[in-house]
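One structure below.
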Amino acid sequence: MPSYAITGAARGIGFEFVNQLSADSGNTVFAIVRSKTTATKLVELGRPNIHIIEADITDNKALKYAAAEVSWFTGSSLDYLINNAAFVEPERDGLTLDAYSSEELLTKDLLDSFNVNVVAIIHTINTFLPLLKNGKAKTAVTLSSGLGDLDVTMNSEFVNSAPYSISKAAVNMVNANPGLVDTSTRAPTEKELEQFMVMIGKFRNQYPDFTGPITPETSVQMQLEVINRLTVQ
């Protein structure tokens, strides 16, 4: 019975990992969410092999609690850890590095992005590592982004989302790229749509066959194909 722990599991790609993995009753799935109040979709799945655990990955004490909960259920083991949780500042996502209103605000966004997207990922892996060592698959996967790929950002001349991109480049030492995925929970504003279309145009300059964002369902299916091919060797 394979066991999986997924961070950032309340929505988007994280939720879809839980949805697809828990569809197999032989899998034990631990959905780690920052707050259980946001986990209504997980509850609605109504599957007994889903265990919802509340833990903010930037809180080391909460991470240790989550690992202890997993350990209690599995007998001190874990097969797969999927680091999906990430941070992007929504209000200033469209700014370039030189467009910030103050150095202090830029510093805040850089540090917040690095803290969640790099430091917290390292702590998460370290916290669950003893359980992973006892598991059969012994696999930790960290989701990155095409925006953390130097060639992609340089060739497409994509200059927005800088704090997010910088932090994703840093975490690329251990990652899987989910692709460009539509994880929106609301309709975009006119300004957001304009920025998005500019981004799509730049991506197509580098990848002429690019057709646009894929769904979380398709992204997770493709990622699981890769994950299932991984071996300890």
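If you read the sequence shown in our numbering, its first letter stands for residue 904, the second for the next number, and so on. Glycine included, C-beta positions come from ideal geometry on N, C-alpha and C.
To the nearest angstrom, how far is it from the Cα of residue i to the Cα of residue j?
i, j, result
"V946", "E957", "13 Å"
"S979", "L924", "20 Å"
"I953", "V973", "11 Å"
"T1121", "L1127", "10 Å"
"G1051", "L948", "33 Å"
"K1004", "A913", "The question names Lys, but residue 1004 is Ser in the sequence shown. Taking the straight line joining both Cα atoms gives about 33 Å."
"L966", "E1060", "37 Å"
"S1064", "N1037", "38 Å"
"D1012", "R950", "38 Å"
"N1020", "G929", "31 Å"
"K1071", "T1027", "16 Å"
"F920", "A970", "19 Å"
"Y1067", "A989", "9 Å"
"V1062", "S1047", "17 Å"
"D962", "R1132", "32 Å"
"T1030", "I985", "13 Å"
"V1022", "S1016", "9 Å"
"Y907", "A1073", "25 Å"
"T1086", "F976", "Caution applies to T1086, whose pLDDT of 47 falls short of 50 and renders its modelled position unreliable; the model cannot decide the point."
"T1045", "G917", "12 Å"
"T943", "N1058", "40 Å"
"T940", "N922", "18 Å"
"T1042", "L1032", "9 Å"
"M1125", "I1025", "24 Å"
Residue i: buried (16+ other C-beta within 10 angstroms of its C-beta) or exposed?
i, result
"V991", "buried"
"K1039", "exposed"
"V932", "buried"
"L1034", "buried"
"V1129", "exposed"
"N1080", "For N1080, the pLDDT reaches just 45, beneath the cut-off of 50, and the residue's location in the model is therefore unreliable, although a value from the coordinates is still provided. It is buried - the Cβ of N1080 has at least 16 other Cβ atoms within 10 Å."
"T910", "buried"
"L1014", "exposed"
"D1054", "exposed"
"A926", "exposed"
"A1002", "exposed"
"L981", "buried"
"T1010", "exposed"
"P993", "exposed"
Specify, as a first and last residue, the run of the alpha helix (DSSP H) that residue i falls within.
i, result
"F920", "G915 to S925"
"T931", "Counting along the chain, T931 falls outside any alpha helix (DSSP H), though it belongs to the beta strand (DSSP E) covering T931 to V936."
"T1121", "P1119 to I1130"
"K944", "T943 to L948"
Residue i lies in the beta strand (DSSP E); which residues open and close that run?
i, result
"E957", "I953 to E957"
"S906", "S906 to T910"
Is any beta-carbon of chain C found at less than 8 Å from that of residue i?
i, result
"T943", "Absence of chain C from the displayed structure is noted, only one protein chain being present."
Which runs of the alpha helix (DSSP H) spanning at least 4 residues fall entirely within the stretch 1014-1073, listed in chain order?
-> List check, alpha helix (DSSP H) in window: 1023-1037, 1053-1059 and 1065-1073.
Between the stretch 993-1009 and the stretch 929-947, do at least 3 Cβ pairs fall closer than 8 Å?
-> No: the two stretches stay apart, fewer than three of their Cβ pairs being nearer than 8 Å.
At which residue ranges does the stretch 959-1013 contain complete alpha helix (DSSP H) runs of 4 or more residues, listed in the order of the chain?
-> 963-977, all fully within the stretch 959-1013.
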